[in-house]
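The opening residue of the first sequence carries number 36 in the numbering used here; numbering runs sequentially from there. Cβ atoms here follow ideal geometry from the backbone N, Cα and C, with glycine treated the same way. These numbers come from a predicted model, not from an experiment.
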Amino acid sequence: MPARRLDPDFFTQPTIELARALLGQRLVRRLDGRRLAGIIVETEAYIGEDDLACHAAAGRTARTEVMYGPPGHAYVYFVYGMHHCLNVVSEPPGYPAAVLIRALAPSEGIPAMARRRGLDAKLGAEIPGLTPLRLARATSEPGPIFRALLSGPGRLCQALAIDRTLSGASLCDRELFLEAGTAPRAIEVTTRIGVDYAGPWREKRWRFVVADSPWVSGARRRAAPAPSRRARGLTT
DNA sequence: GGATCGATCGGCT
DNA sequence: GCCGATCGATCCG
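#1: With DSSP as the reference, identify every bridge partner of arginine 55, one or two as the case may be.
#2: Residues in the same chain with beta-carbon distance under 7 Å from phenylalanine 212, minus the five sequence neighbours each way, listed in chain order, please.
#3: So if DSSP puts glutamate 126 in a beta bridge, which residue, or which two residues, is it bridged to?
#4: Measure the alpha-carbon distance for arginine 70 versus arginine 209 and round it to whole angstroms.
#5: With distances taken Cα to Cα, identify the nearest neighbour of leucine 121 among Leu53, Gly94, Leu195 and Ala97.
#6: Please classify aspartate 231: is it buried, with 16 or more other beta-carbons within 10 angstroms of its beta-carbon, or exposed?
#7: Would alanine 56 and arginine 227 qualify as a contact pair, given that the criterion is a beta-carbon distance under 8 Å?
#8: Within the continuous alpha helix (DSSP H) that includes glycine 159, where are the two ends?
#9: Please state whether the Cβ-Cβ distance between valine 134 and glutamate 79 is less than 8 Å.
#10: Decide if the region 246 to 253 is in contact with the region 129 to 146; the criterion is three or more beta carbon pairs, one per stretch, under 8 Å apart.
#11: CA-CA distance, glycine 94 and glutamate 214?
#12: Whose CA, out of Arg237, Leu53, Gly229 and Gly189, lies closest to the CA of tyrosine 112?
#13: Can isoleucine 74 and glycine 178 be called in contact, C-beta distance under 8 Å?
#14: Could you round the C-beta distance between glycine 149 and leucine 201 to whole angstroms and report it? I think they count as a contact, below 8 Å.
#15: Going by the DSSP bridge assignment, what does glutamate 223 pair with across the sheet?
#16: Please report the residue range of the alpha helix (DSSP H) in which leucine 168 lies.
#17: Is serine 175 buried or exposed, if buried means 16 or more other CB atoms sit within 10 Å of its CB?
#18: Please report the distance separating the alpha-carbon of serine 186 from that of isoleucine 82.
#19: In three-state terms, what does DSSP make of proline 141?
#20: Under a Cβ-count criterion, where at least 16 other Cβ atoms within 10 Å of its own Cβ denotes burial, should glutamate 126 be classed as buried or exposed?
#21: Compare the C-alpha of glutamate 238 against each of Asp86, Pro106 and Ala38 and name the closest.
#22: Measuring only the C-alpha atoms, how far is proline 106 from proline 163?
#23: Which residue wins for smallest C-alpha separation from proline 128, given the options Val244, Arg242, Ala218 and Met102?
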């Protein structure tokens, strides 16, 4: 069955609800008539001029202008002199807010995305032949190279060819859009990454992650300390 | 496994 | 002039 495209109405929900609702949806980039796509597994909310972690804390400028515009558009910015990050603009015009897309689970155009990331040789070594069948199988237990493909805001923009020229573009248009996916079974909520400078706002638990997904960013590998055979009897 | 560091440049003070 | 909503390489234990 064909995927349902998300329409502009979807983006009118409050930012935190939108950040949660985006998990499980498919982000599609159309490039040279080809589809590059991934399932959103990690998001962060940035809300208003008061939020010191939000770029709008600096006020309305040429860069942040699109965040003050209508919801459902892309806000793409350039950081650290080399990386781009993709946000989904939220809230009605005049109120600056957005949801940062931090990680995707790969779904379509994997070899092309690996090429854009400079990982095609390494991924080919990790998954011999890169055949669709092997790729599908590798998706349940991805190796380190496969995991590095789209897990991080800069990484996914490089893989999907997203840069500032797409800032302000509608997310219901042809080059970049969303398709309806499946809501995650459980969502993990944490503080946002890389905003330690934001004073009290650094404590906001505005990061949303698909629970137990191997595709999330950072070294959040869980050293899951199963209630061990030993611990059980040791402490009374 | 984790900590640290350099790259590199646009945006804002 | 300063400093990032990051990444990947490298060093250490």
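On the basis of the data shown:
#1: Within the DSSP bridge table, the entry for arginine 55 names no partner.
#2: Excluding positions up to five away in sequence, the list reads Arg40, Val63 and Leu206.
#3: Here glutamate 126 is not bridged, per DSSP, to any residue.
#4: Between the C-alpha atoms of arginine 70 and arginine 209 there is a straight-line separation of about 11 Å.
#5: Among Leu53, Gly94, Leu195 and Ala97, the Cα nearest to that of leucine 121 is on Leu195.
#6: A residue is called buried when at least 16 other Cβ atoms come within 10 angstroms of its Cβ; aspartate 231 does not meet this threshold and is exposed.
#7: Contact flag unset, no.
#8: Its alpha helix (DSSP H) spans residues 155 to 161.
#9: Between valine 134 and glutamate 79, the C-beta gap is smaller than 8 Å, which places the two residues in contact.
#10: With the cut-off at 8 Å, the region 246 to 253 and the region 129 to 146 touch.
#11: One C-alpha to the other measures close to 32 Å.
#12: Ranking Arg237, Leu53, Gly229 and Gly189 by CA distance to the CA of tyrosine 112 puts Gly189 first.
#13: Between isoleucine 74 and glycine 178, the C-beta spacing is not below 8 Å.
#14: The question names glycine, yet the displayed sequence has alanine at residue 149. Beta-carbon to beta-carbon, alanine 149 and leucine 201 are separated by about 21 Å, too far to satisfy the 8 Å threshold.
#15: According to DSSP, glutamate 223 bridges with Val244.
#16: Here the alpha helix (DSSP H) through leucine 168 covers 167 to 173.
#17: Counting the other CB atoms within 10 Å of its CB gives serine 175 a total below 16, which places it among the exposed residues.
#18: Each residue's alpha carbon lies about 23 Å from the other.
#19: Per DSSP, reduced to three states, the secondary structure at proline 141 is strand.
#20: Buried.
#21: The candidate whose alpha carbon is nearest that of glutamate 238 is Asp86.
#22: Spanning the two alpha carbons is a distance of roughly 42 Å.
#23: Checked all of Val244, Arg242, Ala218 and Met102; the closest Cα to proline 128 is Met102.
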